[in-house]
Amino acid sequence: MELTRRDAMAALAAIGVAGGVTLGAGRLDTETTVEQNEHNRLRTTMVAVATVVYPNEVSGVPAFVNGVLDGRLEDTDHAAGIQQTVAELNDRAVAWYGGPVPELSTSECDSLLREVGADTADEDPNGTTAEQVRYYVINELLFALYASPTGGKLVGIENPQGYPGGTASYSQGPE
Numbered sequence: 021m022e023l024t025r026r027d028a029m030a031a032l033a034a035i036g037v038a039g040g041v042t043l044g045a046g047r048l049d050t051e052t053t054v055e056q057n058e059h060n061r062l063r064t065t066m067v068a069v070a071t072v073v074y075p076n077e078v079s080g081v082p083a084f085v086n087g088v089l090d091g092r093l094e095d096t097d098h099a100a101g102i103q104q105t106v107a108e109l110n111d112r113a114v115a116w117y118g119g120p121v122p123e124l125s126t127s128e129c130d131s132l133l134r135e136v137g138a139d140t141a142d143e144d145p146n147g148t149t150a151e152q153v154r155y156y157v158i159n160e161l162l163f164a165l166y167a168s169p170t171g172g173k174l175v176g177i178e179n180p181q182g183y184p185g186g187t188a189s190y191s192q193g194p195e
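Quick note: the sequence shown uses the numbering used here, first residue 21, plus one each step.
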């Protein structure tokens, strides 16, 4: 199943991001090279983690994740938490595997997430690194996926909240 930018917009609507439908139209070109590198590292890290946590049936992951991040990074408080957590995850990847998350293989990225403890941790934005990775990275990605129409179909939610499916979507039973 191919994820699209339309799925990203639907996920942002379900999350409640008001400006998300513009998907980056208001980006400023005033970032320094360092800021651009950090911004790119955050995005490539989130895409790398998404390829691990998303089901194999899903394609179009980079465009979808970047579309969701366009809206999510506008919320400065939440964006700061994502940035800090992704930086910590990359620091661990460099220390344990010799390179940042985007440079790891899928199996190494999976191992990193398990070794950090994110697979079993409760989500807590103010907790341990494992709890923050669970909250700001894994749950962020999974919620966006399953709040989208395409991701919702994977688990039998044909009309996720925030996605206008019309009367046909609720007057018929599941297929």
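For each residue, glycine too, the CB sits at the ideal point set by N, CA and C.
Test item: CB-CB of residue i and residue j under 8 angstroms
| i | j | result |
| --- | --- | --- |
| threonine 12 | leucine 109 | Because the chain spans 21 through 195 in this model, residue 12 falls outside it and cannot be assessed. |
| leucine 23 | serine 125 | no |
| arginine 154 | aspartate 142 | yes |
| proline 120 | valine 114 | yes |
| alanine 28 | phenylalanine 84 | yes |
| asparagine 86 | arginine 61 | no |
Local conformation of residue i per DSSP, three classes
| i | result |
| --- | --- |
| glutamate 22 | strand |
| serine 168 | coil |
| serine 127 | helix |
| isoleucine 177 | coil |
| glutamate 77 | coil |
| proline 120 | coil |
Residue i to residue j span [Cα, whole Å]
| i | j | result |
| --- | --- | --- |
| glutamate 58 | isoleucine 177 | 35 angstroms |
| glutamine 152 | aspartate 144 | 6 angstroms |
| glycine 171 | alanine 138 | 22 angstroms |
| arginine 47 | asparagine 76 | Confidence is the limiting factor: at arginine 47 the pLDDT is only 48, short of 50, which leaves the residue's position unreliable, though a coordinate-based value still follows. Cα to Cα, arginine 47 sits roughly 31 angstroms from asparagine 76. |
| methionine 21 | leucine 162 | 15 angstroms |
Range covered by the alpha helix (DSSP H) that runs through residue i
| i | result |
| --- | --- |
| leucine 109 | 96-117 |
| alanine 141 | Counting along the chain, alanine 141 falls outside any alpha helix (DSSP H), and DSSP gives it neither H nor E. |
| valine 81 | 81-92 |
| glutamate 151 | 149-152 |
Nearest-angstrom beta carbon gap, residue j and residue i [assumed within contact, 8 angstroms]
| i | j | result |
| --- | --- | --- |
| threonine 105 | tyrosine 156 | 4 angstroms |
| alanine 68 | cysteine 129 | 6 angstroms |
| alanine 31 | valine 88 | 6 angstroms |
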